[in-house]
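A.B. asks:
Protein chains: 2
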Amino acid sequence: MPTHFQGDLQTVRALSAFINLIRASDSTITKTTAHLEELGVTPGQFAVLEALLHLGPMCQHTLGEKLLRSGGNVTLVVDNLERHGWVRRERQVNDRRMIQIHLTPKGRRLITRVFPEHAKMVVKVMSKLSAAEQEQLRKIARKLGRGAEELCTERMKREKEHDNDQTE
Amino acid sequence: MPTHFQGDLQTVRALSAFINLIRASDSTITKTTAHLEELGVTPGQFAVLEALLHLGPMCQHTLGEKLLRSGGNVTLVVDNLERHGWVRRERQVNDRRMIQIHLTPKGRRLITRVFPEHAKMVVKVMSKLSAAEQEQLRKIARKLGRGAEELCTERMKREKEHDNDQTE
DNA sequence: CTCAAATGGTTCAAGCTTGAACGATTGGAT
DNA sequence: ATCCAATCGTTCAAGCTTGAACCATTTGAG
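Protein chains in written order, with the working numbering: chain A, 2 to 169; chain B, 2 to 169.
1) If Val79(B) sits next to Gly65(B), beta carbons under 8 Å apart, how far is it from one beta carbon to the other, in whole angstroms?
2) Which residue comes first and which comes last in the alpha helix (DSSP H) that contains Glu83(B)?
3) Can you name the start and end residues of the alpha helix (DSSP H) that Glu118(B) belongs to?
4) Counting only Cβ pairs nearer than 8 Å, list the residues of chain B close to Arg14(A).
5) Leaving out five residues before and five after Asn165(B) in sequence, what residues of the same chain have Cβ atoms less than 7 Å from its Cβ?
6) Just how far apart, CA to CA, sit Asn21(A) and Trp87(B)?
7) Establish whether the CB of Val42(A) and some CB of chain B are separated by less than 7 Å.
8) Step through the CB atoms of chain A and report whether any lies within less than 7 Å of the CB of Asp164(B).
9) Verify the CB distance criterion: does Gly146(A) have a CB-CB separation below 7 Å to chain B?
10) Taking a cut of 8 Å between CB atoms, which residues from the region 56–78 of chain B lie near chain A?
11) Quickly, what does DSSP pair Arg89(A) with across the bridge? List them, please.
12) At what residues does the alpha helix (DSSP H) containing His62(B) begin and finish?
13) Can you list, in chain order, the residues of the region 22–37 of chain A whose Cβ is nearer than 9 Å to any Cβ on chain B?
14) Please give the ranges of any beta strand (DSSP E) in the region 6–56 of chain A, keeping only runs that are unbroken, at least 3 residues long and fully inside the region.
15) Counting only beta-carbon atoms, is Phe47(A) nearer than 7 Å to chain B?
16) Please report whether the beta-carbon of Thr168(B) lies at a distance below 7 Å from any beta-carbon of chain A.
17) So does the region 7–16 of chain A actually touch the region 36–48 of chain A, counting three or more Cβ pairs closer than 8 Å?
18) Going by DSSP in three states, Leu130(B) sits in which element: helix, strand or coil?
19) Using 7 Å as the threshold, is the C-beta distance between Thr33(B) and Val123(B) below it?
20) Between Val123(B) and chain A, is there a C-beta pair that is closer than 7 Å?
21) Taking the Cβ atom as the reference point for each residue, do Ile112(A) and Leu69(A) lie within a distance shorter than 7 Å?
22) Mapping the DSSP letters down to three states, classify Arg139(A) as helix, strand or coil.
23) List the residues of chain B that Gly182(A) touches, going by C-beta distances under 8 Å, in chain order.
24) Output, in chain order, the set of chain B residues within a Cβ distance shorter than 7 Å of Gly86(A).
25) Do Ser28(A) and Gly146(B) have their beta-carbon atoms positioned less than 7 Å apart in this structure?
26) Ordered along the chain, which non-local residues of its own chain (more than five positions away) have a Cβ less than 8 Å from that of Leu104(A)?
27) Is the shortest distance between the beta-carbon of Leu53(A) and the beta-carbons of chain B less than 7 Å?
28) Using the beta-carbon of each residue, which ones in chain A are nearer than 9 Å to Glu118(B)?
29) What residues of chain B sit near Glu150(A), judged by a beta carbon separation below 8 Å?
30) What in chain B is Cβ-close to Arg89(A), meaning under 7 Å?
Written as structure tokens, this is what we have:
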């Protein structure tokens, strides 16, 4: 696509980087989650299980922040994980609004077994890049991701202030 | 997440690069497609309209390949675009299996108007990176994307051969 | 204390996404 | 000429994803 767009250098450069970023992300996700299908684990479910394994129990709201997913989405995915008996909900006593999500023993066994396979696939896909390239990618992608997040929060802040201006 | 996983250097490096790639892609997509909502254009629809604008009319199968989407998905998205009157289907006479998708004048006006806004957003998000970083990102992401695609086609080829072995 | 705002979770409608099963069409092998 | 396999599009079930409306709970201002 980008090669067929005529525009100034800055725009072409940004669009080219953008399209290749998206496609790389798309392809690597597809590739590295293919093996989950057979187990009946969806990518969204895997992400939750992995977060719980490596970060410990947490409430749904936190989970949504970590995984960049909406509240409604977390509810659904946790519902499905609960149906499988891989996690359990635990209403907090000190703040009854919150529900902490815990791995069940069954869920822990599953993710402990599946995660190494996943890691192996990631290493395999990434091995198309040299160690130095992987490091560069990590740094640049991190910087870009942070930047985009900031743009979002900045905009939200501006809109909030604007709302306040109007209601005052 | 990656910082909480203990493993060998190679694996940590690959996982770190991977997670940052995914998150960068996620954040930039969210950011650059936010303005489409107001117009009632979904990201999937935008992608199709853009491909048709910059690459010309093409059949659904080609569209799916270009956008890395399944056949069923293309059918649905084109259905929705057709409902809006932004594209039209044209059954090919030389091969009646194929249906070529064309922008309507209305669709062309829409994407011609919307694309520059989109490009502007991409430039804005990407401006968090220097020109050199954008170039590096493009190169590395391209290499990685290509590599992942190859892994997929290789695997499919192996499975195909394996099938043949069994049926012979 | 009281009540309004904020917060956490659920539900819903709409649409995306996939893989599989299916029907129509085509092309090639015999 | 016939028929089988490949190709293209459609349909379907299942699940993901979001934003908005909604309810319960908590917090803080007065």
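Beta carbons are placed, not taken as given, at the ideal position from N, Cα and C, and that holds for glycine. Bear in mind that the values here come from a model prediction, so they are computed numbers and not experimental data.
C.D. replies: For this structure:
1) If you number the second sequence from 1, residue 79(B) lands on position 78. If you number the second sequence from 1, residue 65(B) lands on position 64. So it is not a contact: roughly 10 Å between Cβ atoms.
2) As a working note, residue 83(B) is residue 82 in the second sequence. Per DSSP, the continuous alpha helix (DSSP H) segment holding Glu83(B) begins and ends at 72–84.
3) One-based indexing of the second sequence puts residue 118(B) at position 117. Looking at the DSSP string, the run of the alpha helix (DSSP H) that includes Glu118(B) is 106–127.
4) Locating residue 14(A) in the first sequence gives position 13, where the first residue counts as 1. The contacting residues are Met127, Ala132, Gln135, Glu136, Arg139.
5) Indexing the second sequence from 1 puts residue 165(B) at position 164. Low local confidence applies: a pLDDT of 46 at Asn165(B) is under 50, so the model's placement there is unreliable, with the coordinate-based value given in what follows. There are no such residues.
6) As a first step, residue 21(A) must be located in the first sequence, where it is residue number 20. As a first step, residue 87(B) must be located in the second sequence, where it is residue number 86. Each residue's alpha carbon lies about 27 Å from the other.
7) One-based indexing of the first sequence puts residue 42(A) at position 41. With 7 Å as the cut-off, Val42(A) does not count as an interface residue toward chain B.
8) Here residue 164(B) corresponds to residue number 163 of the second sequence, with the count starting at 1. Only weak support exists for where Asp164(B) lies, its pLDDT of 47 falling under 50; the value from the coordinates is given anyway. With 7 Å as the cut-off, Asp164(B) does not count as an interface residue toward chain A.
9) Walking along the first sequence from the start, residue 146(A) turns up at place 145. Closer than 7 Å to some Cβ of chain B, the Cβ of Gly146(A) qualifies, so yes.
10) Leu56, Lys67, Leu69
11) Reading the first sequence from its first residue, position 88 is the one you call residue 89(A). Answer is His103(A), bridged to Arg89(A).
12) Here residue 62(B) refers to the residue found at position 61 when the second sequence is read from its first residue. For His62(B), the enclosing alpha helix (DSSP H) begins and ends at 61–68.
13) Leu22, Ile23, Arg24, Ala25, Ser26, Asp27, Ser28, Thr29, Ile30, Thr31, Lys32, Thr33, Ala35
14) none
15) Taking the first residue of the first sequence as 1, we reach residue 47(A) at position 46. For Phe47(A), the answer is no, since every Cβ of chain B falls outside 7 Å of its Cβ.
16) Taking the first residue of the second sequence as 1, we reach residue 168(B) at position 167. Per-residue confidence for Thr168(B) stands at a pLDDT of 40, beneath the threshold of 50, marking its modelled position as unreliable; no derived number is given.
17) no
18) For the purposes of this step, residue 130(B) is taken as the residue at position 129 of the second sequence. If DSSP states are grouped into helix, strand and coil, Leu130(B) belongs with coil.
19) The residue you call residue 33(B) lines up with position 32 of the second sequence. The residue you call residue 123(B) lines up with position 122 of the second sequence. Taking 7 Å as the Cβ cut-off, Thr33(B) and Val123(B) qualify as a contacting pair.
20) Here residue 123(B) corresponds to residue number 122 of the second sequence, with the count starting at 1. It does: the Cβ of Val123(B) has a partner Cβ on chain A nearer than 7 Å.
21) As a position in the first sequence, residue 112(A) is number 111, starting the count at 1. As a position in the first sequence, residue 69(A) is number 68, starting the count at 1. No, they are not a contact pair.
22) As a working mapping, residue 139(A) is identified with position 138 in the first sequence. DSSP places Arg139(A) in helix when its eight states are reduced to three.
23) Chain A is shown from 2 up to 169; residue 182(A) falls before or after that span and cannot be answered.
24) In the first sequence, residue 86(A) corresponds to position 85, counting from 1. Those within 7 Å of Gly86(A) in chain B number zero; the least Cβ separation is about 24 Å.
25) Taking the first residue of the second sequence as position 1, residue 146(B) is located at position 145. Taking the first residue of the first sequence as position 1, residue 28(A) is located at position 27. Yes, these two residues count as a Cβ contact at 7 Å.
26) For this step, residue 104(A) is matched to residue 103 along the first sequence. Cβ within range, chain order: Leu50, Leu53, Leu54, Pro58, Trp87, Val88, Ile112.
27) Position 52 of the first sequence, counting from 1, holds the residue named residue 53(A). Residue-level contact check: Leu53(A) does not touch chain B, since none of the beta carbons of chain B fall below 7 Å from its beta carbon.
28) For this step, residue 118(B) is matched to residue 117 along the second sequence. Those do not exist, as Glu118(B) stays about 12 Å from chain A at its closest Cβ, beyond 9 Å.
29) In the first sequence, counting from the first residue as 1, residue 150(A) sits at position 149. Per Cβ cutoff of 8 Å: Ser28.
30) Indexing the first sequence from 1 puts residue 89(A) at position 88. Within 7 Å Cβ-Cβ: nothing; Arg89(A) doesn't reach chain B, min ~21 Å.
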